[in-house]
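The structure under discussion appears below in the form of structure tokens.
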């Protein structure tokens, strides 16, 4: 079980960053802070796409 979690640590990190961005987007009333949350969420999505393209052993 621990090997599975450590083997996919990049996905866990991306999920955490995505949740921070989503929480900031939903919980803040200030438009600038909402834009910052959206930027964090967008960065997490881009990191997710990049990590999907990782070639094992390459």
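Numbering (the numbering used here), first residue to last: 1 to 58. All C-beta atoms in this analysis are idealised placements derived from N, C-alpha and C, irrespective of residue type, glycine included.
Could you please give the first and the last residue of the uninterrupted alpha helix (DSSP H) stretch that includes residue 29? Taking the chain shown and counting its residues from 1, one reaches residue 29 at position 29. For residue 29, there is no enclosing alpha helix (DSSP H), since its DSSP letter is neither H nor E.
Whole-angstrom distance between residue 44 and residue 14, CA atom to CA atom: As a position in the chain shown, residue 14 is number 14, starting the count at 1. As a position in the chain shown, residue 44 is number 44, starting the count at 1. C-alpha separation (whole angstroms): 6 Å.
Between the stretch 37–55 and the stretch 15–25, do three or more beta carbon pairs fall short of 8 Å? The stretch 37–55 vs the stretch 15–25: in contact.
Residue 53: buried (16+ other C-beta within 10 angstroms of its C-beta) or exposed? Working through the chain shown from its first residue, we reach residue 53 at position 53. Counting Cβ neighbours within 10 Å, residue 53 comes out exposed, since fewer than 16 surround it.
Buried or exposed by the 16-neighbour rule on C-beta atoms within 10 Å, applied to residue 21: On the chain shown, residue 21 is found 21 positions in, with the first residue counted as 1. Buried, since its Cβ has 16 or more Cβ neighbours within 10 Å.
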